[in-house]
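Novice: Mind having a look at this structure? Questions to follow.
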Amino acid sequence: TTVVHSAADYLKSVEASEILFGRGTTETLKGLSESDLLSVFDGVPQMEISKEELEVGVNLVELLSDKTNIFPSRGEARKMVIGGGVSINKAKVESPDETITTDSLLNQKYILA
Numbered sequence: 754t755t756v757v758h759s760a761a762d763y764l765k766s767v768e769a770s771e772i773l774f775g776r777g778t779t780e781t782l783k784g785l786s787e788s789d790l791l792s793v794f795d796g797v798p799q800m801e802i803s804k805e806e807l808e809v810g811v812n813l814v815e816l817l818s819d820k821t822n823i824f825p826s827r828g829e830a831r832k833m834v835i836g837g838g839v840s841i842n843k844a845k846v847e848s849p850d851e852t853i854t855t856d857s858l859l860n861q862k863y864i865l866a
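This is the structure we're talking about:
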C-alpha cells in the first residue's frame with residue numbers, strides 16, 4: 754500500500770500507470786508537458802541519440818539495436834518488429850524498414866520505444 758499525498762498526485766500516478774502498462778495512447782503522450790513526461794518515466798531505463806541523427810532519419814532496427822541497445826542485435830530487433838512487439842510512442846510499428854525522424858519526438862526531445 755502506498756500513500757498518495759494529493760488527488761493530483763493520485764491522478765498523475767494513474768496516468769503514468771496507464772501510459773506505461775495500459776491503454777495510454779499516442780495522443781495521451783503528446784498531451785503531457787515535459788515535466789509530466791519526465792515524471793512518468795522517472796526510474797525507467799533511458800537511452801540517448803542525437804537530434805542531428807534523427808533529423809537525417811535512423812532506420813528503426815538500427816535505432817533499437819546499434820544506437821540504443823534496447824535489443825542485443827539487429828536480428829532480434831527485426832524479429833520483434835515483425836512479431837508486433839515494438840511500439841513507438843504507443844503506436845505499433847509494422848515494418849522493420851521504418852525510418853524514425855524528429856517527427857517522432859515528444860516535446861521536441863523524447864521518443865518512447
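Mapping the sequence shown onto this note's numbering, position 82 (from 1) lands on 835, and the numbers just tick up by one. For every residue, glycine included, the Cβ atom is placed at its ideal position computed from N, Cα and C.
Which value, in whole angstroms, describes the spacing of the CA atoms of Ser-867 and Ala-760?
Specialist: Outside the shown range of the chain, which is 754 to 866, sits residue 867, and nothing can be said about it.
Novice: If you follow the alpha helix (DSSP H) that Thr-779 is in, where does it begin and where does it stop?
Specialist: Locating residue 779 in the sequence shown gives position 26, counting from the first residue. Where Thr-779 is concerned, the enclosing alpha helix (DSSP H) stretches over 779-783.
Novice: What is the rounded straight-line gap between the Cα of Asp-762 and the Cα of Gly-777?
Specialist: Indexing the sequence shown from 1 puts residue 762 at position 9. Indexing the sequence shown from 1 puts residue 777 at position 24. C-alpha separation (whole angstroms): 18 Å.
Novice: On the criterion of 16 or more Cβ atoms from any shown chain inside 10 Å, does Ser-770 qualify as buried, or is it exposed?
Specialist: Counting from 1 along the sequence shown, the entry for residue 770 is found at position 17. Exposed, because fewer than 16 other Cβ atoms sit within 10 Å of the Cβ of Ser-770.
Novice: Between Gly-828, Lys-843, Leu-791, which lies nearest to Gly-775 when the distance is taken from Cα to Cα?
Specialist: Residue numbering aside, residue 775 sits at position 22 when the sequence shown is read from its first letter. When each option's Cα is compared against that of Gly-775, the closest is Lys-843.
Novice: As a quick exercise: from Pro-798, Val-834, Glu-805, pick the residue whose alpha carbon is nearest that of Thr-821.
Specialist: Taking the sequence shown and counting its residues from 1, the one referred to as residue 821 is at position 68. Looking at the Cα atoms, Pro-798 is the closest of the given residues.
Novice: In angstroms with no decimal places, state the Cα-to-Cα distance between Pro-849 and Leu-773.
Specialist: Position 96 of the sequence shown, counted from the start, is the residue given in the question as residue 849. Position 20 of the sequence shown, counted from the start, is the residue given in the question as residue 773. Pro-849 and Leu-773: Cα-Cα distance of roughly 23 Å.
Novice: What three-state label does DSSP hand Ala-844 in the structure shown?
Specialist: The count along the sequence shown starts at 1 and reaches residue 844 at position 91. If DSSP states are grouped into helix, strand and coil, Ala-844 belongs with the strands.
Novice: Closest by CA to Met-800, which one among Leu-764, Leu-859, Leu-817?
Specialist: Your numbering for residue 800 matches position 47 in the sequence shown. The shortest Cα separation from Met-800 among Leu-764, Leu-859, Leu-817 belongs to Leu-817.
Novice: Give the secondary structure of Leu-865 by DSSP, where H, G and I count as helix, E and B as strand, and everything else as coil.
Specialist: By one-based count along the sequence shown, residue 865 stands at place 112. Looking at Leu-865 - three-state DSSP - the assignment turns out to be coil, as it is neither helix nor strand.
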